[in-house]
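Taking this note's numbering, the leading residue of the first sequence gets 3, the next gets one more, and so forth. This report concerns only the one structure given below.
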Amino acid sequence: MPELPEVEVICRGIRPLLIGRRVTAIMSSGKKLRHPIPLEVMQDSMLGQTITTVERRAKFLQVGLQHGEMLIIHLGMTGNLGIFSPSAVQAKHVHIRWSLDNDTELRYNDSRRFGSIRFLQRDEVAKREETLFKTTGPEPFSDEFSADYLLQRAKGKSLGVKLLLMTNQVVAGIGNIYANESLFAAEIHPARQAQTLTRQEWSRLVIKIRKVLRQAIECGGSTIRDFVNAGQERGYFQINFHVYGREGEACSRCSTKIEKLKLGGRASFYCPKCQR
DNA sequence: CAAGTTACCTGACGGC
DNA sequence: TGCCGTCAGGTAACTT
3 MPELPEVEVI
13 CRGIRPLLIG
23 RRVTAIMSSG
33 KKLRHPIPLE
43 VMQDSMLGQT
53 ITTVERRAKF
63 LQVGLQHGEM
73 LIIHLGMTGN
83 LGIFSPSAVQ
93 AKHVHIRWSL
103 DNDTELRYND
113 SRRFGSIRFL
123 QRDEVAKREE
133 TLFKTTGPEP
143 FSDEFSADYL
153 LQRAKGKSLG
163 VKLLLMTNQV
173 VAGIGNIYAN
183 ESLFAAEIHP
193 ARQAQTLTRQ
203 EWSRLVIKIR
213 KVLRQAIECG
223 GSTIRDFVNA
233 GQERGYFQIN
243 FHVYGREGEA
253 CSRCSTKIEK
263 LKLGGRASFY
273 CPKCQR
């Protein structure tokens, strides 16, 4: 489900509802996500502690605790987090609930269970950029993410530009939707060999990626099927899609029919006239 | 070692 | 109505 904008929207939504709250109980469905849920570790180290920070890094949410430990949550394809009243009817695929001290609870819902929950002890938190995020690329909004950087990362690689953008070691947070939309905005064909892009083209792409991501966050993310924010509201950036899911429709710039192509097993949409 | 493929899961949808 | 194949917003572990 969630790419960077959706994770950011969830992060901003749950942050004010979590900071300052004390965790009073933790329950799990017992089913494993990508990895087994560290229920006992959380119960040993998290109960009674107050949540102090809620941040995003790549597509991970980082929930920091008063004594320095940290919960690291990845939502996979269908994961979501929301704050509920304990008496609210529980969705079918809720796998973890963290009870809070103000008669609310944080629920993790994930039908496909591709997400993951990790719990880092204080010493692991300090070095997480060198361990957990060692191979994670720079944030798209960081200074490090630049035309020169991309020129360097593409050099000597036999790889289409869309697959390069979707490689999290190159840049964090860009998934299928936003790779498609950014390439349309920059007028670059998704299958174009990355190493053939000029510095100017990379520069335009960096600008467009940031613009698309920023707008998507402002729209509350994209809801194709079921994405909702912490208040269970849908995003609406999907009404601004120019190519994603629009095979056969007229290009918004030149009216040419949008085409679909499979790249690395992922659906890729583009205007054959605008994108070269 | 880089690049391509498969596996992990559930659910929705279209065709028959 | 239901059975089957295909597809889905992600990523790591395989194979080639």
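Beta carbons: idealized from backbone N, C-alpha and C, even for Gly.
Enclosing alpha helix (DSSP H) for residue i [first to last residue]
i	result
F143	Neither: F143 is in no alpha helix (DSSP H) and is coded neither H nor E.
F186	178-187
R115	Note, R115: premise wrong, no alpha helix (DSSP H); not H, not E.
R201	201-220
E126	124-128
E5	Here E5 belongs to no alpha helix (DSSP H), and DSSP marks it neither H nor E.
When the options are compared against residue i, the one with the closest alpha-carbon
i	options	result
I76	E251, L6, G32, E42	One detail in the question is off: residue 76 reads as His in this sequence, not Ile. Residue L6 is the option with its Cα nearest to H76.
Y180	Q171, L167, I74, S205	L167
A269	K259, Q197, N170, L165	L165
I74	L49, T26, F135, G22	F135
I226	R216, T138, Q240, L215	Q240
Simplified DSSP state of residue i, which is helix, strand or coil
i	result
G15	helix
R58	strand
V245	coil
A252	strand
Alpha-carbon spacing of residue i relative to residue j, whole angstroms
i	j	result
P18	F186	35 Å
E42	G32	11 Å
P192	F229	26 Å
S160	A149	18 Å
Y272	L263	8 Å
Q277	D125	48 Å
N242	A27	41 Å
N170	V208	15 Å
R23	D103	6 Å
S118	C256	42 Å
S30	M72	18 Å
Q234	T200	43 Å
Cβ-Cβ distance between residue i and residue j below 7 Å
i	j	result
N231	V65	no
G175	L265	no
V96	R109	yes
I211	P274	no
Q68	T52	yes
G81	D112	yes
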